[in-house]
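Peer 1: Chains as they are written, first to last, in my numbering: chain A, 24 to 440; chain B, 24 to 440; chain C, 24 to 440.
There's a structure below that I have some questions on.
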Amino acid sequence: MEESLIIAREALAAANEAKYIANNTWMLVATVLVFMMHLGFATLESGFVQKKNVVNILFKNVMIVSIGLLSYYLVGFNLMYPGVEGGVFAFGGFGLSLPEGSAGLIDYADGRYAYYTDFIFQGMFAATCCTIVSGAVAERIKLIPFLVFSLFFVTFAYPITGYWKWGQGWLDALGFYDFAGSTLVHSVGGWGALAGAILLGPRIGKYTNKGIKAIPGHSMPMATIGVFLLWFGWFGFNGGSVLSADPGLVSLVFVTTSLAAAAGCIGSIIVSKVMFNSFDLSMALNGILGGLVGITASADGVSIWGALVIGLIAGGIIPVSVTIFDKLKIDDPVGATSVHLVCGIWGTLAVALFGNYGQDIGTLKAQLIGIVAIGAFTFSFAFILFYLIKISLGLRVGRHEEVKGLDREEHQAMAYT
Amino acid sequence: MEESLIIAREALAAANEAKYIANNTWMLVATVLVFMMHLGFATLESGFVQKKNVVNILFKNVMIVSIGLLSYYLVGFNLMYPGVEGGVFAFGGFGLSLPEGSAGLIDYADGRYAYYTDFIFQGMFAATCCTIVSGAVAERIKLIPFLVFSLFFVTFAYPITGYWKWGQGWLDALGFYDFAGSTLVHSVGGWGALAGAILLGPRIGKYTNKGIKAIPGHSMPMATIGVFLLWFGWFGFNGGSVLSADPGLVSLVFVTTSLAAAAGCIGSIIVSKVMFNSFDLSMALNGILGGLVGITASADGVSIWGALVIGLIAGGIIPVSVTIFDKLKIDDPVGATSVHLVCGIWGTLAVALFGNYGQDIGTLKAQLIGIVAIGAFTFSFAFILFYLIKISLGLRVGRHEEVKGLDREEHQAMAYT
Amino acid sequence: MEESLIIAREALAAANEAKYIANNTWMLVATVLVFMMHLGFATLESGFVQKKNVVNILFKNVMIVSIGLLSYYLVGFNLMYPGVEGGVFAFGGFGLSLPEGSAGLIDYADGRYAYYTDFIFQGMFAATCCTIVSGAVAERIKLIPFLVFSLFFVTFAYPITGYWKWGQGWLDALGFYDFAGSTLVHSVGGWGALAGAILLGPRIGKYTNKGIKAIPGHSMPMATIGVFLLWFGWFGFNGGSVLSADPGLVSLVFVTTSLAAAAGCIGSIIVSKVMFNSFDLSMALNGILGGLVGITASADGVSIWGALVIGLIAGGIIPVSVTIFDKLKIDDPVGATSVHLVCGIWGTLAVALFGNYGQDIGTLKAQLIGIVAIGAFTFSFAFILFYLIKISLGLRVGRHEEVKGLDREEHQAMAYT
């Protein structure tokens with residue numbers, strides 16, 4: 024063979040390998056960023072709870088990451104991406120199923136990332152849905168029952184509905200679109216949060232005859248750290264969901280994600296100023312999160328103006344939603360249902376309204392079907408699971424323990440000396 | 024066409040695309056790192072203020088990021104990089120101006136990064152200059168007036184002087200050099216900080232007949248977290264300013280940046296130990312920041328020894344500068360003017376003294392012109408703006424509010440329960 | 024020359040350059056991640072000490088990074104990677120020795136990263152070994168003596184034993200394997216910690232006639248932040264130790280590292296629940312760290328199941344080891360000896376038990392020789408150094424100062440107002 028052909032082929036192979044390395048590196052960096060969201064949730068939630076329950080919420084968050092990664096390795100990954108045909112669910116077997124020697128082969132995922140990259144990126148996502156629940160049920164749920172719930176929720180509920188869309192299941196075939204998980208991750212967590220908050224009932228003293236009593240979080244700096252870390256992690260959450268380092272797409276996702284977050288902050292501040300006549304930091308923080316959740320379904324296919332509107336509305340939803348849940352006496356200490364469930368639904372609908380996916384009225388229908396189907400499945404799953412735990416292990420700590428704080432009773436430790 | 028030529032061309036295109044992906048990925052990672060500086064400032068400043076003003080400083084920092092990103096999108100980016108000829112300023116139009124479909128085209132920026140990457144990286148820079156101001160005016164400025172100042176400062180002042188150099192304006196033509204913004208970002212913020220601190224006057228009780236009263240920050244761990252996060256972010260701030268992932272240059276920038284920070288710590292500790300006979304953590308922290316600000320103008324073109332000297336001197340400047348500002352009764356709760364303004368000027372001069380840019384006496388002249396021109400413009404802009412706000416909206420909170428704390432009065436919330 | 028050959032050669036060069044850029048970018052990102060471990064240690068250790076000693080531990084951690092980077096630049100790097108033949112040690116000269124113009128040349132390290140990348144990645148590692156020591160000797164060691172110890176320890180002890188393996192010294196020739204430093208970094212720090220804790224003796228009131236008194240850390244949120252940041256940094260610590268962005272290897276390392284951390288959490292919680300009948304957050308946190316230290320020696324060459332077992336056992340070791348050290352009246356406020364020394368030894372042995380390196384009984388022997396040789400050298404070095412400091416400068420603060428707290432006496436500052 025002539026020299027030029029040999030070199031040309033060698034060059035082409037090297038160039039494809041370079042693309043593979045660059046793409047895979049971004050996916051790994053995105054994985055690290057998403058990992059940081061677990062610290063974001065841990066600090067956000069601990070900032071928003073009372074001092075007496077801080078060790079408990081930290082303990083739960085540490086355990087959720089650990090349980091989530093292990094169960095996703097054992098079951099979840101192959102339930103969400105079974106690689107085999109299935110109806111409502113399918114299962115590809117326990118553990119990681121590629122022969123280990125082939126893990127780095129370039130022919131996986133069209134040479135965009137390695138097999139283990141796929142697993143660990145998705146694995147970091149999985150546990151977030153339980154963390155969302157943990158905020159809403161904080162300050163009154165028993166430790167072991169909550170961990171049992173988390174184990175089942177992350178092992179079965181999250182991967183099954185994830186499979187419906189991202190695993191090329193029936194919702195995907197229907198045209199349902201959810202780029203990085205406004206519904207598949209955030210609403211799923213939010214439905215679990217709602218089921219838990221309803222079954223547990225409100226914290227003692229929250230809703231009294233004299234009205235609703237605000238129970239302020241013990242550390243606003245901690246909550247603020249949490250929101251910045253979540254925004255930081257969202258660059259990986261949304262940016263990594265491109266599933267390659269495609270410069271045009273990932274950079275677009277960075278812009279839409281950031282501007283929606285910023286607009287969410289402004290939207291929430293305006294509405295909360297009007298509603299409560301106060302510059303409320305916790306509303307600004309949840310407004311940012313609302314904007315981030317809202318843009319997550321369409322961050323790869325929306326105009327900049329679309330992103331701004333989506334974020335602004337998501338932020339504006341927050342104070343309204345928080346107020347409504349309080350009227351309904353559904354007590355959620357960190358506002359997780361408003362942020363993740365309500366803004367998650369809004370973001371999923373926004374795909375049909377603002378997306379550049381060539382959508383039509385059929386898209387709106389598909390989005391609605393997806394929201395309802397996943398909502399019905401997840402809420403039922405969570406409600407039944409919580410209920411079974413309630414009648415077996417018990418769900419709520421005793422009155423004395425709740426008043427004294429979960430740290431003292433469940434952990435024999437204080438957050439601060 | 025013969026096979027080898029076809030494959031060779033395909034390989035060349037793939038190789039260039041791979042370089043594009045790799046370069047762009049680094050710029051996006053740098054963007055994420057710079058984003059983290061906003062959390063760094065938020066924690067640093069909240070650590071250095073009194074407990075009663077923590078919610079207020081956090082609220083301001085959250086709002087600044089949001090306002091900064093939105094206004095930079097609407098106006099700032101095209102004012103700083105107008106892409107059209109102009110004198111002292113030029114404007115390329117509102118919003119992002121490339122057709123959306125072309126956002127990922129490889130022919131933008133010589134294939135080093137995508138259009139949206141350019142915007143979001145620069146956008147993360149923009150808001151930092153206002154954050155610098157917020158520390159210096161903390162604990163006594165009214166909320167809305169400060170946000171109004173920030174909006175105008177980040178929308179007009181920062182992009183206009185930025186254009187003079189980075190937008191290929193007249194200072195660039197003159198030979199002025201400022202790699203990543205010792206002057207263009209840090210001094211600009213510092214001049215705004217100085218104007219604000221002068222017009223506001225010192226906090227009640229700071230300068231008394233009996234001398235200067237130290238008002239210690241409420242949380243040294245929070246301040247320390249802030250400095251580490253800022254150092255972390257500076258890898259993106261300086262490393263990303265290479266505007267590609269060039270291995271030799273970015274790695275050099277990492278080394279000069281890190282060693283200048285380390286030397287700044289040592290320089291500040293030595294001088295402050297001599298001056299105050301104490302191992303002062305806040306001086307160590309501000310010494311690191313001083314070293315980082317100092318190296319920012321020349322991080323890409325200085326020898327390692329040069330970086331060490333620049334950092335050491337910048338660190339040594341800190342305790343001296345803080346003392347001088349206190350003698351002048353210019354009250355700056357976090358030392359922002361010393362860190363960002365004074366060390367920013369030092370770093371800009373150091374380009375002429377230690378840089379490897381083939382500079383001569385003309386370089387020193389250009390640096391001085393740049394420092395003076397940007398200083399005169401920015402200080403005047405900020406002073407007039409603050410003054411107009413002072414005589415219209417009012418700038419300073421009432422005595423009662425200042426004593427009780429801004430959190431209670433402006434936010435009806437406490438940082439800690 | 025014909026056109027196709029010219030283009031083919033150009034394409035090959037461009038492809039190799041693209042690989043170089045992508046690989047180098049990952050190494051720089053890994054550097055940034057490892058840098059974050061210093062904040063992780065700072066927050067972990069400050070969370071685990073009493074409120075009165077927080078400024079002191081923060082000051083030490085800030086100084087260690089600075090001293091570590093500077094001394095590694097001046098001496099350490101060329102002592103660890105001398106590039107020349109040597110026996111027990113060799114030295115390549117002061118400072119960085121490549122001509123500056125050649126720093127970005129692609130022919131360094133087979134085109135995987137630039138010279139300065141090599142230095143700064145390794146430099147971020149170096150200081151961690153002293154940080155490990157600082158936790159164990161906290162709340163009673165004098166400031167300057169500790170910094171003198173750190174300077175010598177990081178300048179000589181760490182690079183010399185590092186050279187034995189990573190600098191292609193005699194342990195490397197023997198077949199000793201330690202991927203990212205279970206022994207070379209963590210045990211080395213752990214031996215220093217042990218020597219210091221023994222020579223200092225326990226804190227006043229820790230071991231009394233009535234038994235062991237728990238001295239709880241002052242802030243569990245701070246400690247939790249520390250552990251998450253360390254895990255975050257470990258993606259760079261282990262992932263960067265691949266020394267390229269090889270997709271298969273780095274992604275494998277991500278998976279083994281994360282699952283070992285998760286298993287470490289579970290292992291520690293199970294054993295501590297059995298031993299202490301309590302869900303102990305500090306054990307969960309140290310269990311994660313134990314799992315991370317344990318997997319560090321073999322993260323690139325172990326099966327997933329192997330990683331799980333290594334992490335589970337490492338986590339289970341923590342409560343047992345902490346208890347044993349307490350029985351021996353070796354007082355270690357943060358558990359650094361259990362985490363870094365004991366789990367570091369375990370991880371180094373695990374290479375022989377679970378690794379996929381084609382090992383045999385000779386591997387176990389080599390691992391044992393490495394553990395013993397490095398342990399004997401480092402412990403002796405640290406013990407003698409601490410002893411010389413003890414009889415010259417003095418090592419321990421006075422009783423009054425220890426009771427009142429080091430912050431007040433050494434820094435004239437409080438962590439919180």
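Cβ coordinates follow ideal geometry from the N, Cα and C atoms, glycine included.
Tell me, to the nearest whole angstrom, how far the beta carbon of A:M50 is from that of A:G185; I am working on the premise that it is less than 8 angstroms.
Peer 2: The count along the first sequence starts at 1 and reaches residue 50 of chain A at position 27. The count along the first sequence starts at 1 and reaches residue 185 of chain A at position 162. Going by Cβ atoms, the distance from A:M50 to A:G185 rounds to 18 angstroms, so no, they are not a contact pair.
Peer 1: Can you confirm whether the region 230-242 of chain C touches the region 380-390 of chain C when touching is taken to mean that 3 or more C-beta pairs between the two stretches lie within less than 8 angstroms?
Peer 2: Touching, no.
Peer 1: Using a cut-off of 7 angstroms between C-beta atoms, extract the partners of C:T140 located in chain B.
Peer 2: Here the question's residue 140 of chain C lines up with position 117 in the third sequence. In chain order: P270, S274.
Peer 1: Take the Cβ of B:N39 as the centre, count every other Cβ of all protein chains shown within 10 Å, and call the residue buried at 16 or more, exposed below.
Peer 2: Residue mapping note: residue 39 of chain B aligns to position 16 of the second sequence, counting from 1. With 16 or more Cβ atoms within 10 Å of its Cβ, B:N39 is classed as buried.
Peer 1: Measure the alpha-carbon distance for A:S344 versus C:I292 and round it to whole angstroms.
Peer 2: Here residue 344 of chain A corresponds to residue number 321 of the first sequence, with the count starting at 1. Here residue 292 of chain C corresponds to residue number 269 of the third sequence, with the count starting at 1. Straight-line Cα distance between these residues: approximately 38 angstroms.
Peer 1: At a CB-CB cut-off below 7 angstroms, which residues of chain C make contact with B:N39?
Peer 2: On the second sequence, residue 39 of chain B is found 16 positions in, with the first residue counted as 1. Within 7 angstroms Cβ-Cβ: A37.
Peer 1: Once DSSP output is grouped into helix, strand and coil, what is the label at A:R431?
Peer 2: Sequence index remark: in the first sequence, residue 431 of chain A carries index 408 (1-based). It is helical.
Peer 1: Quick one: list the residues of chain B neighbouring A:N46, beta-carbon separation under 8 angstroms, in chain order.
Peer 2: Numbered from its first residue, the first sequence carries residue 46 of chain A at position 23. Ordered by position in chain B, the residues that pass the 8 angstroms Cβ test against A:N46 are I44.
Peer 1: May I ask you to report which of helix, strand or coil DSSP gives B:S326?
Peer 2: To locate residue 326 of chain B, count along the second sequence from 1; it is residue 303. It is coil, neither helix nor strand.
Peer 1: Give the residues of chain A in contact with C:E25, contact being defined as C-beta atoms less than 8 angstroms apart.
Peer 2: Walking along the third sequence from the start, residue 25 of chain C turns up at place 2. Within chain A, the residues near C:E25 are S27.
Peer 1: Do the CB positions of B:Q390 and B:T371 come within less than 7 angstroms of each other?
Peer 2: Here residue 390 of chain B corresponds to residue number 367 of the second sequence, with the count starting at 1. Here residue 371 of chain B corresponds to residue number 348 of the second sequence, with the count starting at 1. Cβ atoms of B:Q390 and B:T371: closer than 7 angstroms.
Peer 1: Let me see if you follow: with CB-CB separation under 7 angstroms, is A:P244 close to chain B or not?
Peer 2: Numbered from its first residue, the first sequence carries residue 244 of chain A at position 221. Closer than 7 angstroms: yes.
Peer 1: Starting from C:I289, find everything on chain A with Cβ-Cβ shorter than 9 angstroms and list it in chain order.
Peer 2: By 1-based counting over the third sequence, the position of residue 289 of chain C is 266. By Cβ distance, chain A contributes M86, S89, I90, L93.
Peer 1: Identify, in the order they occur along the chain, each residue of the same chain with its Cβ nearer than 8 angstroms to the Cβ of A:S210, setting aside the five sequence neighbours on each side.
Peer 2: Here the question's residue 210 of chain A lines up with position 187 in the first sequence. Excluding positions up to five away in sequence, the list reads H363, L364, G367, I368, T371, I394, I397, G398, T401.
Peer 1: Please list the partners that B:V52 has in chain A, where partner means a Cβ-to-Cβ separation under 7 angstroms.
Peer 2: Taking the first residue of the second sequence as 1, we reach residue 52 of chain B at position 29. The answer, in chain order, is V52.
Peer 1: Are the C-beta of B:I327 and some C-beta of chain C separated by less than 7 angstroms?
Peer 2: Here the question's residue 327 of chain B lines up with position 304 in the second sequence. Cβ-Cβ to chain C under 7 angstroms: yes for B:I327.
Peer 1: Using CA coordinates, which residue listed in A:S89, A:V52, A:I167 is at the minimum distance from A:F144?
Peer 2: Numbered from 1 along the first sequence, position 121 holds the residue referred to as residue 144 of chain A. Measuring from the Cα of A:F144, the nearest candidate turns out to be A:V52.
Peer 1: Tell me, to the nearest whole angstrom, how far the beta carbon of B:G287 is from that of B:A337; I am working on the premise that it is less than 8 angstroms.
Peer 2: As a first step, residue 287 of chain B is located in the second sequence; it is residue number 264 there, counting from the start. As a first step, residue 337 of chain B is located in the second sequence; it is residue number 314 there, counting from the start. The Cβ separation is near 5 angstroms, so the contact holds.
Peer 1: Under 7 angstroms between the Cβ atoms of C:G249 and C:T54?
Peer 2: Numbered from 1 along the third sequence, position 226 holds the residue referred to as residue 249 of chain C. Numbered from 1 along the third sequence, position 31 holds the residue referred to as residue 54 of chain C. No; because the gap between Cβ atoms is not below 7 angstroms, this pair is not in contact.
Peer 1: From this set, A:E432, A:L170, A:G378, A:F100, which residue's C-alpha is nearest A:F409's C-alpha?
Peer 2: Stepping through the first sequence from its first residue, residue 409 of chain A is reached at position 386. It is A:L170 whose Cα lies nearest to the Cα of A:F409.
Peer 1: Check whether the Cβ atoms of B:G240 and B:F71 lie closer than 7 angstroms to each other.
Peer 2: Stepping through the second sequence from its first residue, residue 240 of chain B is reached at position 217. Stepping through the second sequence from its first residue, residue 71 of chain B is reached at position 48. Yes.
Peer 1: Beta-carbon of A:F82 versus every beta-carbon of chain C: anything under 7 angstroms?
Peer 2: Residue numbering aside, residue 82 of chain A sits at position 59 when the first sequence is read from its first letter. Cβ-Cβ to chain C under 7 angstroms: yes for A:F82.
Peer 1: Hey, could you find the ends of the alpha helix (DSSP H) A:L62 is sitting in?
Peer 2: Locating residue 62 of chain A in the first sequence gives position 39, counting from the first residue. Its alpha helix (DSSP H) spans residues 26-71.
Peer 1: Please list the terminal residues of the continuous alpha helix (DSSP H) segment that includes B:S157.
Peer 2: Residue mapping note: residue 157 of chain B aligns to position 134 of the second sequence, counting from 1. Note, B:S157: alpha helix (DSSP H), 151-159.
Peer 1: Whose Cβ in chain C lies nearer than 8 angstroms to the Cβ of A:I143?
Peer 2: Position 120 of the first sequence holds residue 143 of chain A. Within chain C, the residues near A:I143 are S274, F277, V278, S281.
Peer 1: For B:T140, count neighbouring C-beta atoms within 10 Å of its own C-beta (all shown protein chains included) and say buried if the count is 16 or more, exposed if not.
Peer 2: Reading the second sequence from its first residue, position 117 is the one you call residue 140 of chain B. Buried, since its Cβ has 16 or more Cβ neighbours within 10 Å.
Peer 1: At a Cβ threshold of 7 angstroms, is B:W257 touching chain C?
Peer 2: As a working note, residue 257 of chain B is residue 234 in the second sequence. No, B:W257 does not count as interfacial toward chain C.
Peer 1: Distance, Cα to Cα, B:I340 vs B:S326?
Peer 2: Here residue 340 of chain B corresponds to residue number 317 of the second sequence, with the count starting at 1. Here residue 326 of chain B corresponds to residue number 303 of the second sequence, with the count starting at 1. Those two C-alpha atoms are separated by around 21 angstroms.
Peer 1: Can you check whether the C-beta of C:L207 is within less than 7 angstroms of a C-beta belonging to chain B?
Peer 2: Residue mapping note: residue 207 of chain C aligns to position 184 of the third sequence, counting from 1. Closer than 7 angstroms: no.
Peer 1: Indicate whether at least one CB of chain B lies closer than 7 angstroms to the CB of C:M59.
Peer 2: Working through the third sequence from its first residue, we reach residue 59 of chain C at position 36. So yes, C:M59 belongs to the interface.
Peer 1: Using a Cβ-Cβ cut-off of 7 angstroms (strictly less than) and excluding sequence neighbours within five positions of A:G417, which residues of its own chain qualify?
Peer 2: Here residue 417 of chain A refers to the residue found at position 394 of the first sequence. Excluding sequence neighbours, A:G417 sits near K165, P168.
Peer 1: Are the beta-carbon atoms belonging to B:A405 and B:L387 less than 7 angstroms from one another?
Peer 2: Residue mapping note: residue 405 of chain B aligns to position 382 of the second sequence, counting from 1. Residue mapping note: residue 387 of chain B aligns to position 364 of the second sequence, counting from 1. The answer is no: Cβ separation not under 7 angstroms.
Peer 1: Give the straight-line distance between the Cα atoms of C:V177 and C:I87, rounded to the nearest whole angstrom.
Peer 2: Taking the third sequence and counting its residues from 1, the one referred to as residue 177 of chain C is at position 154. Taking the third sequence and counting its residues from 1, the one referred to as residue 87 of chain C is at position 64. Computed Cα separation, rounded: 9 angstroms.
Peer 1: According to DSSP, is A:R135 helix, strand or coil?
Peer 2: For this step, residue 135 of chain A is matched to residue 112 along the first sequence. A:R135 falls in the coil class under three-state DSSP.
Peer 1: Does the separation of the CB atoms of C:V160 and C:L97 fall below 7 angstroms?
Peer 2: For the purposes of this step, residue 160 of chain C is taken as the residue at position 137 of the third sequence. For the purposes of this step, residue 97 of chain C is taken as the residue at position 74 of the third sequence. The answer is no: Cβ separation not under 7 angstroms.
Peer 1: Just checking, does the region 266-278 of chain C make contact with the region 299-306 of chain C on the three C-beta pairs under 8 angstroms criterion?
Peer 2: As far as the Cβ criterion goes, the region 266-278 of chain C does not touch the region 299-306 of chain C, which means the pair count is below three.
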